[in-house]
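Engineer: Its first residue numbered 1385, the first sequence is counted upward by one per residue in our numbering.
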Amino acid sequence: MKQSQLFTKTQKNAPKDEVSLNAQLLIRAGFINKEMAGVYAYLPLGLRVIEKIKKIVREEMNAIHGQEIIMSSLQPKEVWQSTGRWDDKVVDVWFKSKLKNETEVGFGWSHEEPITEMMKRFLSSYKDFPVYVYQFQTKLRNELRAKSGIMRGREFVMKDLYSYDTDEKRHLKFYNSVKASYMNVFKRVGLGDITYITFAAGGAFTKYSHEFQTVTKAGEDFIYINKEKNIAINEEVLDDSVLKELGVSRNELTKVKSAEVGNIFNFGTSKCDDMNFFTTNEKGEKTSIYLGSYGIGITRLMGVIADHFADEKGIIWPESVAPFKVHLISLGKNEETENIYNDLIESGVEVLYDDRELSAGEKFADSDLIGIPLRIVISKKSLENGGVEIKKRNEKESRILKIEDITKEIK
RNA sequence: CGGAGUGUCGUAUACCGGUAGUACGUAUGGUUUGGGACCAUAUUGACUGGGUUCGAUUCCCAGCACUCCGACCA
1385 MKQSQLFTKT
1395 QKNAPKDEVS
1405 LNAQLLIRAG
1415 FINKEMAGVY
1425 AYLPLGLRVI
1435 EKIKKIVREE
1445 MNAIHGQEII
1455 MSSLQPKEVW
1465 QSTGRWDDKV
1475 VDVWFKSKLK
1485 NETEVGFGWS
1495 HEEPITEMMK
1505 RFLSSYKDFP
1515 VYVYQFQTKL
1525 RNELRAKSGI
1535 MRGREFVMKD
1545 LYSYDTDEKR
1555 HLKFYNSVKA
1565 SYMNVFKRVG
1575 LGDITYITFA
1585 AGGAFTKYSH
1595 EFQTVTKAGE
1605 DFIYINKEKN
1615 IAINEEVLDD
1625 SVLKELGVSR
1635 NELTKVKSAE
1645 VGNIFNFGTS
1655 KCDDMNFFTT
1665 NEKGEKTSIY
1675 LGSYGIGITR
1685 LMGVIADHFA
1695 DEKGIIWPES
1705 VAPFKVHLIS
1715 LGKNEETENI
1725 YNDLIESGVE
1735 VLYDDRELSA
1745 GEKFADSDLI
1755 GIPLRIVISK
1765 KSLENGGVEI
1775 KKRNEKESRI
1785 LKIEDITKEI
1795 K
C-alpha cells in the first residue's frame, strides 16, 4: 500500500486524556480512533493487526478441530433466564434494549448461553460429540468504568471457544489441549516468554480456572510467579492451601502486574444441566454434557503487544502481527523505488510504501512510530553506496543491500 | 456504583471579569531534502444550559463528556 493513499495520519502528541501507553501509541500512529470512553474504531493499520492476530488464533483453533461460527449480537432474554444471568444484579454489564413490540433483548456480553441453546438443536446423540465451536465476536459490556485504552473497553473483540462432550476424560483432555493451543498463540504473537498459565478463581464445578496472564505493567491484575517451576497464581486465590496443593512456598514467588489475555473454564456438566441440555448415551439413557469455555481477548491482546513492544519512538511490532512486513521509504525522487515496490508486491510481500514528498526526518519518525519490523530506505545516497539500506525496527544500524537481492533477502 | 479532577482551534498548551495568544497540523507559494528543516500568507477554538455582573471563556449552579483512584471484571 502506498502511504500517500492511507487516509490516517500520525500525530506528535497523544490526546491528554489518553493515559495508557497502548492507546497513546496506537492513536498517534493512526491504528485506532477513540469514539467514546472504552469504545474504539479500528483503522486500516489497526485492522491489519487485528486480522493478523485472528489468523494466528484461527489456525490454532482449527488445529484442535474447532469449527468457526458467528453468533448474533442481539440475544433473547429467555436463554439467559434459564441460568439466572438475565438479572442485572447477577450480571452487571448488560446492555439491554427493546424491540418495537416491547420484547426485551440483550446485547451479547458473552455467548455461552445462546450458543449452548443453539447446540440443543443439533446435538442429540452421544455420536454427535465432541463438538468444538468458536467465533470472533464483538462483545458489548456496560462496564462501570472503562480504562486502560483498548485493554478494557465497553466494546471489544473476543475469540470464544466452547467444547461440548459426553465423555469426561475426553473433555479434560481437550481442556488441556486448549492450554497448549493458547500458549502457541501467545508464543506466535511474541508474548510466550512473559505469559503464564495462572491458577485463578474457579466456577461452580471446579476449584480453579486457568487464566493466561501476560506480565506487563499495563495490566490490571497481580499474580505470583515462579519462573523456574513455571507456576503462576492469581492474587485472588493465593492462600496456604493453594500453596500446599501446588507445592510452592510463598517466598519462592514473585508478585508481578499482569494482563489477562486469555481464560479457560471447565463448567463440568453444570451449565448444560441448568439449561436442560442432555443427550442420549449408548444405552439410550439420558446423559449429561460437559462444557468448557475458552476466551482470548483479541483487541486486548493487541493492546498488550503494543504496550510491551515499544520504545520511546513508537511501536515495534513482532513480525507475526505487524500491519506490514516492510516499510519502504524513498527519500527524494528516484526511479528505483516504484520498481522495487512492484517487485515486492509481486512476490507477495506486504509492504507499506512511503511515497510522500516529505523530509527524511518526518518519514523516519513516522516509520518508527508505526513500527513495521523491516525498513528499507532508498535514496540518492543509498544508491551511490550500491543499493538500498535495510534495517530492522529494533536495530540501530542499517546495512546496504543490492537491489537485486531484496526479494531474496526478505522472502 | 463511591471518591477526586478536567473541559480553550484537529492536537498540545498560555493568558484573562473587558480585543483569546503560541506551537504542531491544515491550505497556498517559495527555499530545502538523511532524523519531525525554513520563510511568507491564510485557516480553525472557550462543552451545553442557567445564574451573578454594565460586561462571563474566566465566578457560581446544573447537565453532559472525559480522566484518575477504589469497587467490579462468568
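C-beta atoms are modelled at their ideal positions from N, C-alpha and C, and glycine is treated no differently. If you're wondering where the values come from, they're calculated on a predicted model, not measured in any experiment.
Looking only at its own chain, which residues have a Cβ that is under 6 Å from the Cβ of Val1433, when we skip the five neighbours before and after it?
Structural biologist: Correct list, in chain order: Met1686, Val1705, Pro1707.
Engineer: Which residue marks the beginning of the alpha helix (DSSP H) containing Met1420, and which one marks its end?
Structural biologist: No alpha helix (DSSP H) holds Met1420; the beta strand (DSSP E) holding it covers 1416-1420.
Engineer: Under 8 Å, do Gly1676 and Asn1650 count as touching if we go by C-beta distance?
Structural biologist: Contact: yes.
Engineer: Taking only runs of the alpha helix (DSSP H) that begin and end inside the stretch 1698-1740, which ones reach a length of at least 4 residues, in chain order?
Structural biologist: Fully enclosed alpha helix (DSSP H) runs of 4 or longer: 1720-1730.
Engineer: Given this structure, state the Cα-to-Cα distance separating Asp1476 from Val1645, to the nearest angstrom.
Structural biologist: Answer to the nearest angstrom: the Cα atoms are 21 Å apart.
Engineer: Run the CB neighbour count on Asp1738, radius 10 Å, all protein chains shown included, and call it buried at 16 or more, exposed below.
Structural biologist: Asp1738 is buried by the Cβ-count criterion.
Engineer: Does the distance between the C-beta of Thr1590 and the nearest non-hydrogen atom of the ligand NAP fall short of 7 Å?
Structural biologist: The model on display carries no ligand, and the ligand NAP is accordingly not part of it.
Engineer: Quick check on the DSSP output: the alpha helix (DSSP H) that includes Met1686 runs from which residue to which?
Structural biologist: Counting along the chain, the alpha helix (DSSP H) containing Met1686 begins and ends at 1682-1692.
Engineer: Can you tell me whether Glu1595 is helix, strand or coil according to DSSP?
Structural biologist: In this structure, Glu1595 counts as strand in the three-state DSSP scheme.
Engineer: Do you know offhand how far His1555's Cα is from Ser1672's?
Structural biologist: In a straight line, the C-alpha of His1555 is about 12 Å away from that of Ser1672.
Engineer: How big is the Cα-Cα spacing for Lys1439 and Lys1543?
Structural biologist: Near 11 Å, if we compare the C-alpha coordinates of Lys1543 and Lys1439.
Engineer: Tell me the DSSP secondary structure of Glu1527 in three-state form.
Structural biologist: In this structure, Glu1527 counts as coil in the three-state DSSP scheme.
Engineer: With a threshold of 8 Å, are at least 3 pairs of Cβ atoms found where one atom belongs to the stretch 1636-1643 and the other to the stretch 1503-1510?
Structural biologist: Touching, no, given that fewer than three Cβ pairs across the two stretches are closer than 8 Å.
Engineer: Is the CB-CB distance between Val1801 and Ile1700 below 8 Å?
Structural biologist: This structure gives no information on residue 1801, because the portion of the chain shown stretches from 1385 to 1795.
Engineer: Which residues share a DSSP beta bridge with Ser1677?
Structural biologist: Note: Ser1677 sits in a beta bridge opposite Tyr1546, Phe1649.
Engineer: Under a three-way DSSP split, which group does Ala1585 fall into?
Structural biologist: Three-state result, Ala1585: strand.
Engineer: Is it right to say Ser1344 is buried, meaning 16 or more other beta carbons lie within 10 angstroms of its own, or is it exposed?
Structural biologist: What is shown of the chain runs 1385 to 1795, which leaves residue 1344 out entirely.
Engineer: Please classify Lys1747 as buried or exposed, where buried requires at least 16 neighbouring CB atoms within 10 angstroms.
Structural biologist: By the neighbour-count rule (16 or more Cβ atoms within 10 Å), Lys1747 is buried.
Engineer: Counting pairs of Cβ atoms below 8 Å between the stretch 1652-1668 and the stretch 1612-1628, do you hit three or more?
Structural biologist: Cβ pair count under 8 Å is below three, so no.
Engineer: Using three-state DSSP, classify Gln1408 as helix, strand or coil.
Structural biologist: Here Gln1408 sits in helix by DSSP.
Engineer: Excluding the five sequence neighbours on either side, which residues of its own chain have a C-beta within less than 8 Å of the C-beta of Lys1709, listed in chain order?
Structural biologist: Once the five neighbours on either side are set aside, the close Cβ partners of Lys1709 are Glu1703, Val1733, Glu1734, Val1735, Ile1756, Pro1757, Leu1758, Ile1794.
Engineer: Can you check which of these residues, Lys1482, Lys1473, Asn1723, is closest to Lys1461 by C-alpha distance?
Structural biologist: Residue Lys1482 is the option with its Cα nearest to Lys1461.
Engineer: Going by C-alpha to C-alpha distance, which of Ile1454, Gly1668, Lys1571 sits closest to Met1502?
Structural biologist: That would be Ile1454, whose Cα lies nearest to the Cα of Met1502.
Engineer: What is the DSSP secondary structure of Gly1603, reduced to helix, strand or coil?
Structural biologist: Of the three classes helix, strand and coil, the one that applies to Gly1603 here is coil, per DSSP.
Engineer: Is it true that the CB of Ile1581 sits closer than 8 Å to the CB of Lys1563?
Structural biologist: It is a contact, given that the beta carbons lie within the stated cut-off.
Engineer: Taking buried to mean at least 16 other C-beta atoms within 10 Å of its own C-beta, is Thr1584 buried or exposed?
Structural biologist: Sequence check: residue 1584 is Ala here, not Thr. The residue in question, Ala1584, is buried, as its Cβ has 16 or more Cβ neighbours within 10 Å.
Engineer: Taking the straight line between their C-alpha atoms, what separation do you get for Asn1635 and Gly1698?
Structural biologist: Taking the straight line from one Cα to the other gives about 37 Å.
Engineer: Would you identify the three-state DSSP class for Val1569, choosing helix, strand or coil?
Structural biologist: Three-state DSSP puts Val1569 in a helix.
Engineer: If I follow the unbroken alpha helix (DSSP H) through Thr1499, where does it start and stop?
Structural biologist: Reading off the sequence shown, one finds Ile at residue 1499, where the question assumed Thr. Residues 1496-1506.
Engineer: Would you mind stating whether Asn1723 and Lys1764 have Cβ atoms separated by less than 8 Å?
Structural biologist: For Asn1723 and Lys1764, no; Cβs fall outside 8 Å.
Engineer: Beta strand (DSSP E) containing Leu1785: first to last residue?
Structural biologist: That run of the beta strand (DSSP E) goes 1783-1785.
Engineer: What residues are listed by DSSP as bridge partners for Asp1695?
Structural biologist: Asp1695 pairs with Gly1698.
Engineer: Taking C-alpha atoms, which residue in Arg1777, Glu1768, Lys1780 lies nearest to Lys1786?
Structural biologist: Per the Cα distances, Glu1768.
Engineer: Please state whether the Cβ-Cβ distance between Val1489 and Gln1459 is less than 8 Å.
Structural biologist: In contact: Val1489 and Gln1459 (Cβ atoms closer than 8 Å).
Engineer: As a quick exercise: from Ser1547, Glu1595, Leu1622, Lys1418, pick the residue whose alpha carbon is nearest that of Tyr1608.
Structural biologist: Comparing Cα positions, the closest option is Leu1622.
Engineer: Starting from Asn1446, trace the alpha helix (DSSP H) in both directions and tell me its first and last residue.
Structural biologist: Unbroken alpha helix (DSSP H) run through Asn1446: 1428-1447.
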